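First comes the structure, then the notes that go with it.
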Amino acid sequence: MSNLVVKTNRLNTVTQNLSLTEVRIMQLAIVDARETGKGLSTDKPLTISASRYAEAFGVSRQSAYEAILKAEKSLFDRRFSFLDDDDKMVKSRWVQRVKYLDDEASIEVILTYDVVKEVTRIDGYEQFFTQYLLEQTAHMNSAYSVRLYELLVQWKTAKKTPVFELQQFREQLGVENNEYQRMYDFKNRVLDVAVKEINEKTDIQTSYDQVKRGRKIIGFKFVVKEKPKKTENNQRDPNTSDMFMIDGLTDKQLWRISRHKEFISTYSSLAKGDAGKSWSAYSDFIVGEIKKDASKFSKKRPIREYLDGSEEDYDFSR
Numbered sequence: 001m002s003n004l005v006v007k008t009n010r011l012n013t014v015t016q017n018l019s020l021t022e023v024r025i026m027q028l029a030i031v032d033a034r035e036t037g038k039g040l041s042t043d044k045p046l047t048i049s050a051s052r053y054a055e056a057f058g059v060s061r062q063s064a065y066e067a068i069l070k071a072e073k074s075l076f077d078r079r080f081s082f083l084d085d086d087d088k089m090v091k092s093r094w095v096q097r098v099k100y101l102d103d104e105a106s107i108e109v110i111l112t113y114d115v116v117k118e119v120t121r122i123d124g125y126e127q128f129f130t131q132y133l134l135e136q137t138a139h140m141n142s143a144y145s146v147r148l149y150e151l152l153v154q155w156k157t158a159k160k161t162p163v164f165e166l167q168q169f170r171e172q173l174g175v176e177n178n179e180y181q182r183m184y185d186f187k188n189r190v191l192d193v194a195v196k197e198i199n200e201k202t203d204i205q206t207s208y209d210q211v212k213r214g215r216k217i218i219g220f221k222f223v224v225k226e227k228p229k230k231t232e233n234n235q236r237d238p239n240t241s242d243m244f245m246i247d248g249l250t251d252k253q254l255w256r257i258s259r260h261k262e263f264i265s266t267y268s269s270l271a272k273g274d275a276g277k278s279w280s281a282y283s284d285f286i287v288g289e290i291k292k293d294a295s296k297f298s299k300k301r302p303i304r305e306y307l308d309g310s311e312e313d314y315d316f317s318r
């Protein structure tokens, strides 16, 4: 499964206020509907399980269970606004129905007409569209980071964005009118956090400039650069073992490796200080260390073999 999230540019730039969990549920709905061949419909429910959520976003089953249970209580009330083909403002919901399936630890949603329309018409290329791999945003900790990434990746080919007018930009990121009203707070708590996460965790590098009218900031514009794709060094020593090679493995796969029980028993002692305070911090630390020097993690077996265990071989509960 390619985990490709695809939306029309119009749906991608709506003003909305989804939480991080709600953004992720919508991402999974779009991905799974397309990749499984079920398609999107206004009368057929889509089911997203806690195990699917945990696998996609690298969280424990318990955390996933709690997240989708909380989302069930709020997702129905989430709305978004956009300009239609007649340049008229339309207000809509993301879902027309939501149900929590306790015995299956799953959430069942039926998307609204406007969401289904904007996603399904992509297949006919009736509009320009935005697409990205789910893995690019899977490990982000802020909904603002995900939303900014979606806005920026739309302009990846152009390498720069137009000016994002301040008020609309805030609404597109999901910042409420009563939140971060001071520019310092908006930049420090929203914008800079999002830019940092994007630069550290995704396939693009970005920076921004403030756009002013006189002394007043009226918007922001961004430079968007695609990071060089990693390529295997064909000139490496032919006698070097493949056990050290991690080219082609995503952060999500490295995170999975870090949760293999044998891997934990062998290498968890490397996580010192802050890296040892939580399992999330441990996994983030291990992923970074593998990227720096995979050879440190070759005591028992080639590192790729830690990907091939059964579910019982992993500890996702913490």
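In the UniProt record's numbering, the protein residues as written are 1 to 318.
We put the CB at the ideal spot given by N, CA and C, even for glycine.
In this text the structure is predicted, and so the values were computed from the model without any measurement.
Inter-residue CB distance, residue i and residue j (contact presumed, cutoff 8 Å)
i, j, result
"Leu-134", "Val-31", "6 Å"
"Gly-214", "Phe-169", "The Cβ separation is near 19 Å, so there is no contact."
"Arg-259", "Ser-283", "7 Å"
"Val-116", "Thr-42", "5 Å"
"Thr-206", "Leu-152", "6 Å"
Buried or exposed by the 16-neighbour rule on C-beta atoms within 10 Å, applied to residue i
i, result
"Phe-129", "Model confidence at Phe-129 stands at a pLDDT of 47, short of 50, so the residue's coordinates are unreliable; what they give is reported in the following sentence. With 16 or more other Cβ atoms within 10 Å, it is buried."
"Gly-288", "exposed"
"Ser-49", "buried"
"Val-119", "buried"
"Gln-16", "buried"
"Glu-179", "exposed"
"Thr-157", "exposed"
"Arg-24", "buried"
"Glu-312", "exposed"
"Tyr-208", "buried"
"Tyr-113", "exposed"
"Ser-63", "buried"
"Leu-83", "exposed"
Reduced DSSP secondary structure (H/G/I, E/B, other) of residue i
i, result
"Val-98", "strand"
"Gln-62", "helix"
"Lys-187", "helix"
"Met-26", "helix"
"Asp-209", "strand"
"Arg-182", "coil"
"Ser-268", "helix"
"Lys-201", "helix"
"Val-193", "helix"
"Thr-47", "strand"
"Glu-126", "Caution is warranted here: a pLDDT of 36 is assigned to Glu-126, below 50, making its placement in the model unreliable, and the coordinate value is therefore given only provisionally. Reduced to three states, the DSSP call for Glu-126 is coil."
"Arg-79", "strand"
"Gln-136", "helix"
"Ser-106", "strand"
"Gly-273", "helix"
"Asp-237", "Unreliable placement is indicated for Asp-237, whose pLDDT of 46 sits below 50; the coordinate value is still reported in the next sentence. The answer is coil: DSSP assigns Asp-237 none of H, G, I, E or B."
"Gly-288", "helix"
"Arg-93", "strand"
"Glu-226", "strand"
"Glu-118", "helix"
"Leu-173", "helix"
"Gln-154", "coil"
"Phe-297", "helix"
Identity of the residue in the options nearest residue i by Cα
i, options, result
"Val-149", "Val-119, Glu-200, Ser-49", "One detail in the question is off: residue 149 reads as Tyr in this sequence, not Val. Comparing Cα positions, the closest option is Glu-200."
"Lys-73", "Ser-19, Glu-262, Val-119", "Ser-19"
"Tyr-267", "Lys-296, Asp-284, Ser-278, Gly-273", "Lys-296"
"Ser-298", "Ser-145, Ser-310, Lys-88, Glu-262", "Glu-262"
"Tyr-144", "Asp-274, Gly-174, Trp-94", "Gly-174"
"Val-95", "Asp-87, Ala-56, Leu-46", "Leu-46"
"Lys-216", "Asp-274, Lys-227, Tyr-184", "Tyr-184"
"Val-190", "Ser-142, Val-211, Lys-221, Trp-155", "Ser-142"
"Lys-70", "Glu-22, Lys-187, Asp-86", "Glu-22"
"Arg-256", "Gln-27, Ala-56, Lys-44, Ala-275", "Ala-56"
"Ile-290", "Ala-275, Glu-305, Leu-254", "Leu-254"
"Gln-210", "Lys-187, Glu-305, Asp-102", "Lys-187"
"Glu-305", "Lys-277, Leu-249, Gln-27", "Leu-249"
"Gln-27", "Asp-192, Trp-155, Asn-177, Gln-136", "Gln-136"
"Arg-79", "Glu-176, Lys-212, Ala-33, Lys-44", "Glu-176"
"Lys-212", "Phe-164, Lys-229, Asp-192, Lys-227", "Phe-164"
Test item: CB-CB of residue i and residue j under 9 Å
i, j, result
"Asp-315", "Ile-264", "yes"
"Met-140", "Glu-197", "yes"
"Gly-58", "Lys-225", "no"
"Leu-111", "Ala-194", "no"
"Ala-105", "Ser-51", "yes"
"Asp-77", "Arg-93", "yes"
"Val-223", "Lys-160", "yes"
"Leu-270", "Ile-286", "yes"
"Lys-221", "Pro-162", "yes"
"Arg-147", "Gln-172", "yes"
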